[in-house]
Structures are given as structure tokens and as C-alpha cells.
Amino acid sequence: MKKLVLLACLAVAAGANAQTYPTNRPISIVVPFAAGGPTDRVARDLAEAMRKAIPGSNFVVENAAGAGGTIGANKVAKAAPDGQTLLLFHVGMATTPVMYRKLTYKPLEDFEYLGIVNDVPMTLIGKPQLPANTYRDFENYIRANAGKLNLAHAGQGSASHLCGLMWQSAVKLNESMTTIPFGGTAPAMNALVGGQVDVMCDQTTNTVGQIEGGRVKAFAVTTARPLSGHKTLKDYPTLQEMGLKGFNLTIWHGLYAPKGTPAAITKILNEGMKKALKDPDFIKKQEGLGAIVATDNRVTPEGHKAFVAAEINKIRPVFEAAKAFAD
Ligand code: ASP
Numbered sequence: 298m299k300k301l302v303l304l305a306c307l308a309v310a311a312g313a314n315a316q317t318y319p320t321n322r323p324i325s326i327v328v329p330f331a332a333g334g335p336t337d338r339v340a341r342d343l344a345e346a347m348r349k350a351i352p353g354s355n356f357v358v359e360n361a362a363g364a365g366g367t368i369g370a371n372k373v374a375k376a377a378p379d380g381q382t383l384l385l386f387h388v389g390m391a392t393t394p395v396m397y398r399k400l401t402y403k404p405l406e407d408f409e410y411l412g413i414v415n416d417v418p419m420t421l422i423g424k425p426q427l428p429a430n431t432y433r434d435f436e437n438y439i440r441a442n443a444g445k446l447n448l449a450h451a452g453q454g455s456a457s458h459l460c461g462l463m464w465q466s467a468v469k470l471n472e473s474m475t476t477i478p479f480g481g482t483a484p485a486m487n488a489l490v491g492g493q494v495d496v497m498c499d500q501t502t503n504t505v506g507q508i509e510g511g512r513v514k515a516f517a518v519t520t521a522r523p524l525s526g527h528k529t530l531k532d533y534p535t536l537q538e539m540g541l542k543g544f545n546l547t548i549w550h551g552l553y554a555p556k557g558t559p560a561a562i563t564k565i566l567n568e569g570m571k572k573a574l575k576d577p578d579f580i581k582k583q584e585g586l587g588a589i590v591a592t593d594n595r596v597t598p599e600g601h602k603a604f605v606a607a608e609i610n611k612i613r614p615v616f617e618a619a620k621a622f623a624d
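Here the sequence shown is numbered in the numbering used here, starting from 298 and rising by one per residue.
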């Protein structure tokens with residue numbers, strides 16, 4: 298009898314979750330990097346599209362920057378699993394468990410996976426004062442000035458850090474630049490535009506506007522194929538075309554809730570996200586910045602989780618080869 302009452306209570310609780318969600322409180326999307334950067338940009342566009350997709354909802358973006366995104370990710374891993382706090386994180390979900398020896402969250406255990414949002418190419422860029430104008434000149438310049446230049450990134454394990462490591466290892470210039478970590482690539486970009494740092498590799502969602510405005514120099518894109526469909530990025534060679542065989546880096550963003558968030562709520566969020574990914578305004582904004590909105594099986598929780606598990610295995614050798622580990 299007791300068991301029946303308990304089951305009835307649980308059923309009521311589950312039903313209530315579906316019926317009362319979204320609540321009248323805003324749902325917070327935590328971005329683990331500084332405001333104004335590429336992850337922040339995706340989160341703000343997604344928040345707007347999800348608000349339209351989920352009746353009665355309201356989303357706010359909260360920046361919790363630092364330590365390559367691990368501070369914000371940890372915050373969401375430990376948040377109440379009530380659908381009020383979500384995380385938008387990029388490839389860092391796969392780099393941080395490889396790189397950090399003492400990670401305070403477990404990417405594959407501490408989150409409910411809500412779906413992959415997009416794929417984003419990266420661009421190798423330099424401060425406007427760099428003498429090089431082509432990729433070839435750029436590589437020669439770095440080689441000639443090994444030990445004298447700075448590479449900006451968004452913290453250990455961030456996308457910009459991963460890209461910088463991969464590029465330096467591909468051209469056999471490991472540790473040729475001093476790495477300067479920032480709380481995100483928005484402040485790193487300010488330093489690059491101002492000439493305080495020399496080089497950065499960052500998502501196109503942050504670099505397209507700066508390249509078009511002539512505030513930074515771009516040398517190459519990191520994708521396997523040229524970005525011929527994009528009005529600005531089509532002008533830059535791929536690193537493969539520049540002789541870096543097999544170089545192919547496209548990063549991705551995914552949406553997460555804390556583990557234990559009721560299934561009725563994660564279903565509303567996943568369905569809302571899938572609807573948002575079909576929103577023509579969202580697609581247009583993302584494509585304008587070089588991003589490709591996800592349409593494949595990774596938009597499902599199972600597909601998303603399987604993809605991240607595979608990415609962790611793919612990324613491990615990059616950090617092991619560079620002996621890039623942190624506590
Ligand atoms: N682009 C950053 C990174 O390198 C993150 C950000 O600021 O959005 O990981």
C-alpha cells in the first residue's frame with residue numbers, strides 16, 4: 298500500500314514538472330567564458346531562439362569565466378537539477394577531462410545531454426601590426442621569431458588553446474610562442490586588436506567581424522575544405538592547402554543540464570532546442586558568422602553524448618603529444 302502511495306506521489310511530481318515548466322523565473326544559460334566572445338554569441342542567439350520555441354519561457358545568459366571553461370561547467374554540474382540552470386559549452390567538454398588532472402566534474406556522468414547546437418570552424422589570426430600578409434609569410438615570421446611572440450587563448454583546454462597546440466605541433470614549432478590565457482577570447486581579441494598579443498586561433502563566430510573590419514589579419518581556416526560558401530572566409534586557404542596534411546579542426550557547442558534534471562523537463566528543453574535550430578533567424582545569424590547549425594543525430598541527447606565520448610578519445614593524443622596537462 299505504502300509503495301502505491303509513493304508511486305502515485307512520484308507520478309504527480311513528474312506530471313507537475315511537465316505542467317509547471319517553464320516557471321515564471323528566467324532559465325539561466327551559463328557560458329563558461331567572458332561576455333562578448335564566440336561562445337557567448339552562440340548562447341545569446343540560442344537563448345532568443347529558444348524563448349520563441351518554448352511558450353512562456355525566458356532565458357538569460359550568465360557568464361562564469363575562467364580556467365578554460367571549467368569554472369562555469371563545474372557551477373552547472375553542481376546546480377539544482379530543476380531546469381533553471383543550463384550550460385552551453387564547446388569542445389572544452391571533451392578537452393578538459395583529458396587536460397585537467399583534478400577536474401571537479403565528470404563530463405559523461407554529471408550532466409543531462411540536451412543536444413549539439415552547431416559546428417564552428419576556426420581561423421588563425423594575427424595582430425594588425427604583423428608584417429605578414431599571407432599564410433606562408435606568417436609561418437616564416439613565427440619561425441624566424443620563435444621564442445619572441447605571444448599566443449593568446451581562453452585558458453588551458455579552451456578551443457583556442459587546442460587549436461594553437463595543434464597548429465604549433467603540425468608545423469613543428471612546439472612551444473615557439475608564450476601562451477597568454479584570458480577569461481575568454483573576447484578580452485583576448487581586444488588585446489590582439491590593440492597589439493598587446495601577437496597571434497590567436499579562434500572561432501569564426503568571433504573573428505569574422507574583426508576580419509571584415511580590418512582590425513586583425515587572417516591567414517588560414519582550420520577546416521579540411523575551404524569555406525567557399527562564406528563571403529569573407531572563402532578568401533583564406535585551409536591549413537591542408539598550406540601543406541599541413543590532415544589538419545582539420547571544427548569545434549562544436551552543446552547544451553547541458555545538471556544530472557538528475559527530470560526527464561519531463563529535459564524533453565521540453567531538447568524539443569525547444571531542436572525547434573530553435575530550425576529557426577530561420579537563428580540559422581541566418583549563425584551562418585553569417587561561419588557556423589553550421591546542427592541537423593544530424595547529435596541534436597538528440599543520445600547522439601550528443603555518444604559524440605562527446607568519441608571526441609574525448611580523439612582529442613586525448615593531441616594533449617598527450619604536447620604534454621599539455623594542468624591541475
Ligand atoms: N573562443 C574561446 C575558446 O577559445 C571561448 C570563448 O571565449 O567563447 O575556447
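Ideal Cβ positions, reconstructed from N, Cα and C, are used throughout, including at glycine.
- The beta carbon of F604 lies closer than 6 Å to those of R595 in the same chain, with the five residues before and after it left out.
- In this structure, V373 keeps its C-beta atom at 8 Å or more from the C-beta atom of Q500.
- Rounded to the nearest whole angstrom, the C-alpha separation of L421 and G600 is 30 Å.
- The DSSP-derived three-state label of M539 is coil.
- Shortest gap from the CB of Q500 to any heavy atom of the ligand ASP: under 7 Å.
- The DSSP-derived three-state label of Y432 is helix.
- Secondary structure note for I351: it is in no alpha helix (DSSP H), with a DSSP letter that is neither H nor E.
- Between the ligand ASP and the CB of T482, the shortest heavy atom gap is smaller than 7 Å.
- Inclusion of V328 and T320 in the CB contact set at 8 Å is not warranted, their separation being larger than that value.
- Boundaries around D416 are those of the beta strand (DSSP E), 408-423, since no alpha helix (DSSP H) includes it.
- In this structure, DSSP gives Q583 a helical state, which the three-state scheme calls helix.
- Across the set Y553, A488, G454, Y410, the C-alpha of G454 shows the shortest separation from the C-alpha of I612.
- If you check the CB distance, T547 and T520 come in under 8 Å.
- Segment contact: the region 369-386 against the region 579-596, fewer than three CB-CB distances shorter than 8 Å; contact not assigned.
- Here D499 carries a strand assignment [DSSP, helix/strand/coil].
- Here F386 is bridged, per DSSP, to G551.
- Between A344 and I368, the C-beta gap is not smaller than 8 Å, which leaves the two residues out of contact.
- The continuous alpha helix (DSSP H) containing N487 extends over residues 482-490.
- Annotation for P425 indicates a beta carbon at 7 Å or more from all heavy atoms of the ligand ASP.
- Closest in alpha carbon position to L470, among H450, A485, P478, N442, is N442.
- Proximity to P555 across F330, L385, T476 peaks at L385, based on C-alpha coordinates.
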